[in-house]
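A.B. asks: From first to last, the protein sequence lines stand for chains F and H.
Note that full-length UniProt numbering numbers the first sequence so that position 290 is 290, with each residue one more than the last.
Note that full-length UniProt numbering numbers the second sequence so that position 57 is 57, with each residue one more than the last.
No residue lacks a Cβ here, since even glycine has one placed at the ideal position from N, Cα and C.
On a predicted model such as this, the values are computed, not experimentally measured, just so you know.
Number of protein chains: 2
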Amino acid sequence: MITEILATGQEIITGTVIDSNSAHIAQELEETGLEVVRHSCVGDDLDALVSILQEIGGRSDIGIVTGGLGPTSDDITAEAAAKAAGVELALDTKAFNAIEALFKARRRFMSPSNKKQAMLPAGSECLHNPVGTAPGFCLKIEQCMFFFLPGVPHEMERMLADVVMPRIEKIQGIDKDVRIVKTIATFGLGEAVTGERLDGFAAEFPDLILGIRAKLPEIQVKLYGRNKDGDSLGQLMEKASAWVLEKLGRYVFSVDGNAMEVIVGELLGQNKATLAVAESCTGGLISHWLTNVPGSSDYFLFSGVTYSNDTKIKILGVSAETINRCGAVHEETVKEMAEGARRIVGATYGLATSGIAGPAGGSADKPVGTVCIGLATDSSAEAYRFHFPFGNRLMKKKIFAIAALDVLRHKLQSC
Amino acid sequence: MITEILATGQEIITGTVIDSNSAHIAQELEETGLEVVRHSCVGDDLDALVSILQEIGGRSDIGIVTGGLGPTSDDITAEAAAKAAGVELALDTKAFNAIEALFKARRRFMSPSNKKQAMLPAGSECLHNPVGTAPGFCLKIEQCMFFFLPGVPHEMERMLADVVMPRIEKIQGIDKDVRIVKTIATFGLGEAVTGERLDGFAAEFPDLILGIRAKLPEIQVKLYGRNKDGDSLGQLMEKASAWVLEKLGRYVFSVDGNAMEVIVGELLGQNKATLAVAESCTGGLISHWLTNVPGSSDYFLFSGVTYSNDTKIKILGVSAETINRCGAVHEETVKEMAEGARRIVGATYGLATSGIAGPAGGSADKPVGTVCIGLATDSSAEAYRFHFPFGNRLMKKKIFAIAALDVLRHKLQSC
Chain F
1 MITEILATGQ EIITGTVIDS NSAHIAQELE ETGLEVVRHS CVGDDLDALV SILQEIGGRS
61 DIGIVTGGLG PTSDDITAEA AAKAAGVELA LDTKAFNAIE ALFKARRRFM SPSNKKQAML
121 PAGSECLHNP VGTAPGFCLK IEQCMFFFLP GVPHEMERML ADVVMPRIEK IQGIDKDVRI
181 VKTIATFGLG EAVTGERLDG FAAEFPDLIL GIRAKLPEIQ VKLYGRNKDG DSLGQLMEKA
241 SAWVLEKLGR YVFSVDGNAM EVIVGELLGQ NKATLAVAES CTGGLISHWL TNVPGSSDYF
301 LFSGVTYSND TKIKILGVSA ETINRCGAVH EETVKEMAEG ARRIVGATYG LATSGIAGPA
361 GGSADKPVGT VCIGLATDSS AEAYRFHFPF GNRLMKKKIF AIAALDVLRH KLQSC
Chain H
1 MITEILATGQ EIITGTVIDS NSAHIAQELE ETGLEVVRHS CVGDDLDALV SILQEIGGRS
61 DIGIVTGGLG PTSDDITAEA AAKAAGVELA LDTKAFNAIE ALFKARRRFM SPSNKKQAML
121 PAGSECLHNP VGTAPGFCLK IEQCMFFFLP GVPHEMERML ADVVMPRIEK IQGIDKDVRI
181 VKTIATFGLG EAVTGERLDG FAAEFPDLIL GIRAKLPEIQ VKLYGRNKDG DSLGQLMEKA
241 SAWVLEKLGR YVFSVDGNAM EVIVGELLGQ NKATLAVAES CTGGLISHWL TNVPGSSDYF
301 LFSGVTYSND TKIKILGVSA ETINRCGAVH EETVKEMAEG ARRIVGATYG LATSGIAGPA
361 GGSADKPVGT VCIGLATDSS AEAYRFHFPF GNRLMKKKIF AIAALDVLRH KLQSC
């Protein structure tokens, strides 16, 4: 079944907002074996909306549309859908009651403009939104079954999972393809070199598709497989994954799509170890990543974001003599930062970063992009210096942060 | 001139990667007065690529395409462009020399697959990539001038600014529209209430378009204007912006598209004040945001990410008695956290968060989504408790973090 995704909204077409909904929907659809052939986006323009709904209606079997179901006057998706299907808008009692109940539960006043959200195309079926005021609906336009969902990501995600996916799986019936996507995440090799190491893949695994993607700071290797028999496909994917691992070795940090902070968290847990962090140039990003993982309080004890020399000395106990002699961005300094963070909370490991994220602050011997990473245990401290000449300030913070976690990963894996 | 944006790549069509390039390009194009009518995305499928290039070629004047110019075998955009235009691929010496020079400058080995990147459609013009190995190119297909750019965001952004936009402005000539987009960012009001407060906008400003967008945790109000006379449009936008500000009052934190951390940084600078942060539930995110702003080291002194009670006591000097009596998520505790962070580095302000980001850890009187925010100066400490019942763990961290910065913003603005 041919599937398309349509995002709507002036803020997306003008680029004020990045459309993350389409990616989420595509992943969910791909996992059920559906093939998404196109994503599109148009603005809050009635003619443009009607026209693209009819285009998709004429060439695809399933269409997922997000956005434009809100209470304000620029929310015109229901009107466009009605026009594309050649029907009128009508008050949907199920939708109206659901909106009213939600406001009651949240003890908030239901404003008149929320009533507009219950006006749906005649002949459509209301789709319940358990987490927001905008109900969705489904409607056939030409040959295509469309599902219309709100644009607020967490509402869309919940409705997609609870309401839309079960209906799509029913439409697919038993004839659906099994689809497996495997993500192998690496750090430290360039995109071209990664591609060359995997040169023989197509000859070795002609039934699979290989994708290599610079999702900086990671380089991701994606394996895409699709057939009618899940067992044989699963075995083939395992074999292909092992083949890739052998070619890329220690640069692979994750084979299950997990982020570096999840992998490091798992390794800390397996080693019954705890971590303290001292962040200068990464400015809290390592801590933010680590604490995005539920349960991280089991191993993540403390992070000191110490931007100035003064706080490195006062909070972490770095010696003023070391900073004066070597500077803030130096192996000796990050060793003392790592040891200080570790010592003051009694963690198994201390991890520290100090570097120059730019745009200012670089020099001839320490250009922007230089980072020193320190790692301390109760018996030793080690330090590394890298230079990453890519990206803006935020990208450099990300590269520095993943590089630091990668140093810890290698240490934990060699335990 | 009608403009479209096309993103290509298996990782985007399957949703593994969120397409942020199209939003960036749309913003740049909109600012020059061009109207972007559609974004599309297709995978690494030669037929799909050729077909959509021809569709766009037949209906638009300018097309910007990203992705698929890399060195690996799944990079097929140049081949598709050649096929859509009915020409062959040929080695472009300018492109080849640029790739060779880049590898030389980086002192890296040029791998054979990088040579593939210099094979461009006959009749196309190579566009220099100053920051990566993939050169771009421009090529006319049917009535439309296409610009093909790499998919790596920082390479695309640089080429768009340096190479593509000047060419597009030349094509536009003197007849181009002036386009102004204004973003007014708010925190604390819902989307529907915001819309109702602005109900009279269309009657008051019939020549402007109003958009309201839940870019959670913010609600953004966007004003879109377009005409031939920049001066009169600028005045109209100022008037409209003032009208919106009057309706939304203190909920507005930014009128120039700047993020909360930029606004707070500016206010700290204006007040010659410094800041120390104590983060529990936000886990480093406040610090990460603050340090994304270049020059933040002038006012951001220190953040202690203190997840456990133990570190709150040991690092920040919170009294064990307070934590035992009130718990970690409590007004009294965050006041002491804020005061502790402030005191140990001698900052003007101390800002602290403690809350329950979930998914676990909630209780009847402190459900998931509860956050306490403390703010200390050298003479006083205040604290607030909020409950935000929206979103997942990461969204809750974001809401908690922006709510904390908003408390500080109000304090700074009342100085």
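According to DSSP, simplified to helix, strand and coil, what is residue 498 of chain H?
C.D. replies: The shown model of chain H, from 1 to 415, leaves out residue 498 of chain H, and the question about it has no answer.
A.B. asks: Whole angstroms are fine: how far does the CA of H:F386 sit from the CA of F:G362?
C.D. replies: 42 Å
A.B. asks: Grab me the residues of F:S113's own chain with a C-beta within less than 6 Å of its C-beta, minus the 5 sequence neighbours each way, in chain order.
C.D. replies: P71
A.B. asks: Of all Cβ atoms in chain H, is any one closer than 9 Å to the Cβ of F:H330?
C.D. replies: no
A.B. asks: Touching or not, the region 3-21 of chain F and the region 22-30 of chain H, by the rule of three or more beta carbon pairs under 8 Å?
C.D. replies: Taking 8 Å as the limit for Cβ pairs, the verdict is that the region 22-30 of chain H does touch the region 3-21 of chain F.
A.B. asks: Please list, in chain order, the chain H residues whose beta carbon lies closer than 8 Å to that of F:V345.
C.D. replies: The answer, in chain order, is D310, T311, K314 and I315.
A.B. asks: Determine the closest residue to H:Q10 out of H:G67, H:S380 and H:S354, with distance taken between C-alpha atoms.
C.D. replies: H:G67
A.B. asks: Are there 16 or more other CB atoms within 10 angstroms of the CB of H:H330, so buried, or fewer, so exposed?
C.D. replies: buried
A.B. asks: With the cut-off set at 9 Å, would you say H:I356 and H:V371 are in Cβ contact?
C.D. replies: yes
A.B. asks: Considering only C-alpha positions, which residue in the set H:L160, H:L267, H:V131 and H:A404 is nearest to H:Q413?
C.D. replies: Of H:L160, H:L267, H:V131 and H:A404, the residue nearest in Cα terms is H:L267.
A.B. asks: On the criterion of 16 or more Cβ atoms from any shown chain inside 10 Å, does H:Q270 qualify as buried, or is it exposed?
C.D. replies: exposed
A.B. asks: Any beta carbon from chain F within less than 9 Å of H:Q172's own beta carbon?
C.D. replies: no
A.B. asks: Please confirm whether F:R38 has its beta-carbon closer than 9 Å to some beta-carbon of chain H.
C.D. replies: yes
A.B. asks: So, at 8 Å on beta carbons, what are the nonlocal neighbours of F:T77 in its own chain, with the 5 sequence-adjacent residues on each side left out?
C.D. replies: T8, L49, V65, G67, G68, L69 and F148
A.B. asks: Just checking, does the region 231-244 of chain H make contact with the region 380-395 of chain H on the three C-beta pairs under 8 Å criterion?
C.D. replies: no
A.B. asks: From the DSSP secondary-structure annotation, give me the bridge partner or partners of F:Q143.
C.D. replies: DSSP, once it has assigned bridges, lists no residue as partnering F:Q143.
A.B. asks: Checking contacts by CB at 9 Å: is F:A7 closer than that to chain H?
C.D. replies: Among the CB atoms of chain H, one or more fall inside 9 Å of the CB of F:A7.
A.B. asks: Cα separation between H:D231 and H:A203?
C.D. replies: Rounded to the nearest angstrom, the two C-alpha atoms are 22 Å apart.
A.B. asks: May I have the straight-line CA-CA distance separating H:C138 from H:I171, to the nearest angstrom?
C.D. replies: 13 Å
A.B. asks: How would you call H:T306, buried or exposed, if buried means at least 16 neighbouring beta carbons within 10 angstroms?
C.D. replies: Buried, because 16 or more other Cβ atoms sit within 10 Å of the Cβ of H:T306.
A.B. asks: At least one CB of chain H closer than 9 Å to the CB of F:V42: is that the case?
C.D. replies: yes
A.B. asks: List the residues of chain F that H:N114 touches, going by C-beta distances under 7 Å, in chain order.
C.D. replies: A192
A.B. asks: Less than 9 Å between CB atoms is the rule here; does F:V152 satisfy it with respect to chain H?
C.D. replies: yes
A.B. asks: For F:P121, list the residues DSSP reports as bridge partners.
C.D. replies: Per DSSP, F:L89.
A.B. asks: Taking Cβ positions, are H:A81 and H:I2 nearer each other than 9 Å?
C.D. replies: no
A.B. asks: Closest to H:L208 by C-alpha separation, out of H:K215, H:I184 and H:L236, would be which residue?
C.D. replies: H:L236
A.B. asks: In chain H, which residues lie with their C-beta within 7 Å of the C-beta of F:R250?
C.D. replies: Residues of chain H passing the Cβ test: none, with the nearest at roughly 20 Å.
A.B. asks: Apart from the five residues just before and just after F:P150, which ones in its own chain have a Cβ nearer than 8 Å to its Cβ?
C.D. replies: T66, G67, L69, G70, N129, G132, A134, G136, M156 and M159
A.B. asks: Name the DSSP bridge partner or partners of H:K222?
C.D. replies: Paired residues: H:T183 and H:G211.
A.B. asks: By a C-beta neighbour count over all protein chains shown, 10 Å radius and 16 as the cutoff for buried, is F:N97 buried or exposed?
C.D. replies: exposed
A.B. asks: Does the separation of the CB atoms of H:T282 and H:A401 fall below 9 Å?
C.D. replies: yes
A.B. asks: In whole angstroms, give me the CA-to-CA distance for H:V42 and H:C144.
C.D. replies: 19 Å
A.B. asks: Can you tell me which of the three DSSP states H:R385 falls into?
C.D. replies: strand
A.B. asks: According to the neighbour-count rule (16 or more other Cβ atoms, all chains shown, within 10 Å of its Cβ), is H:F302 buried or exposed?
C.D. replies: Under this definition H:F302 is a buried residue.
A.B. asks: What's the C-alpha gap between H:V87 and H:S124?
C.D. replies: C-alpha of H:V87 to C-alpha of H:S124: approximately 10 Å in a straight line.
A.B. asks: Does H:S303 come within less than 9 Å of chain F when only Cβ atoms are used?
C.D. replies: yes
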